[in-house]
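Below is one structure, written out as structure tokens; comments come after it.
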């Protein structure tokens, strides 16, 4: 059995875009999504002792995020004054609404929903981008997803334009072969 | 691989770079011209170009999103604070 470990220092760089994409396709609002992602990271940090190493870091963070998203909808739903549905999520009384990250076990096998997530384009692309070397990934995101000017990127990272195009080329070639089977 | 020649004959590497540039609409007219001449006789680059424009189309769909540098910096800031409190 392979034991996974947590490296909170690398979370932001490695998972924030993936989690953000996951969230934004579910809450449809940039700021809310940002907040939820941030809460997820903080919650993960607080409950990192509960991590048993059975799932990968990202799967574990996603499982926290899912509950954050559900919680978000319960919250906005209750401010609307709509009919309340009471469900007991945990046995102890008194921690209602707080059944979240403390109770998360590692999901250790792939559920149907995980398979479904693979069919989401945004996540599939981030999955592939995450496999690129860090510098390539960063430059590719800046150029393609954020639409920065070539010149701006070159200035910020101190590289020449032809250098940038070579990096972009490698990234695109790698992405094309990564997405080939299911998307291209 | 082709020897570097003057004029409108270019190597596959150069053709691919020109193709990438044109995906971002940053290729000059001359670069696009040279690319198209190259594509006439080079099957490998034709394939690359086709795949590349499909990739661009995918990336333009609006369900692909990511945090910009500023948002990420803010996130990192908040997280680092918590991290140093924790340890």
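Protein chains in written order, with our numbering: chain F, 26 to 209; chain Y, 475 to 561. Note that beta-carbon positions come from the ideal geometry of N, C-alpha and C, so glycine has one too.
Buried/exposed call for residue 178 of chain F, threshold 16 Cβ in 10 Å = With 16 or more Cβ atoms within 10 Å of its Cβ, residue 178 of chain F is classed as buried.
key: Every unbroken alpha helix (DSSP H) inside the segment 525 to 561 of chain Y [4 residues or more]   = Those alpha helix (DSSP H) runs which fall completely within the segment 525 to 561 of chain Y and span 4+ residues are 543 to 560.
request  = Report buried or exposed for residue 162 of chain F, applying the criterion of at least 16 other Cβ atoms within 10 angstroms of its Cβ.
outcome  = Burial check for residue 162 of chain F: the Cβ neighbour count within 10 Å reaches 16 or more, so the residue is buried.
key: Top-ranked residue by Cα proximity to residue 165 of chain F, from F:194, F:57, F:186   = Ranking F:194, F:57, F:186 by Cα distance to residue 165 of chain F puts F:194 first.
task = List the residues of chain Y whose Cβ lies closer than 7 Å to the Cβ of residue 41 of chain F, in chain order.
result = Correct list: 541, 546, 549.
8 Å contact criterion, which residue 553 of chain Y and residue 511 of chain Y should meet: CB distance rounded = For a cut-off of 8 Å, the C-beta gap from residue 553 of chain Y to residue 511 of chain Y is around 51 Å, too long to register as a contact.
inquiry  = Check this for me: beta carbons of residue 150 of chain F and residue 204 of chain F, under 8 Å apart or not?
reply    = In this structure, residue 204 of chain F lies closer than 8 Å to residue 150 of chain F by Cβ.
task = Go to residue 180 of chain F, then tell me how far its alpha helix (DSSP H) extends in each direction, as first and last residue.
result = Where residue 180 of chain F is concerned, the enclosing alpha helix (DSSP H) starts and stops at 175 to 182.
task = Give a yes or no on whether the minimum CB-CB distance between residue 158 of chain F and chain Y is below 8 Å.
result = It does not; no Cβ of chain Y falls within 8 Å.
Sequence-distant residues of the same chain with beta carbon closer than 6 Å to residue 492 of chain Y, five excluded per side = Excluding five sequence positions before and after residue 492 of chain Y, the CB atoms of its chain that fall closer than 6 Å to its own CB belong to 501, 505, 509, given in chain order.
inquiry  = With distance defined between alpha-carbon atoms, name the residue in F:174, F:181, F:31 nearest to residue 74 of chain F.
reply    = With distances taken between Cα atoms, residue 74 of chain F lies closest to F:31.
query = Can you tell which of Y:547, Y:556, Y:543, Y:558 has its C-alpha closest to the C-alpha of residue 171 of chain F?
reply = When each option's Cα is compared against that of residue 171 of chain F, the closest is Y:543.
key: Local Cβ density within 10 Å of residue 518 of chain Y, reported as buried at 16 or more and exposed below that   = By the neighbour-count rule (16 or more Cβ atoms within 10 Å), residue 518 of chain Y is not buried but exposed.
key: For residue 85 of chain F and residue 28 of chain F, the rounded distance between their alpha carbons   = Approximately 13 Å, taken between the alpha carbons.
ask   = Are the beta-carbon atoms belonging to residue 539 of chain Y and residue 147 of chain F less than 8 Å from one another?
value = Yes, the Cβ-Cβ distance between residue 539 of chain Y and residue 147 of chain F is below 8 Å.
ask   = DSSP state of residue 29 of chain F, grouped into three classes?
value = Three-state DSSP puts residue 29 of chain F in coil, outside helix and strand.
query = Beta-carbon of residue 513 of chain Y versus every beta-carbon of chain F: anything under 8 Å?
reply = So, not an interface residue.
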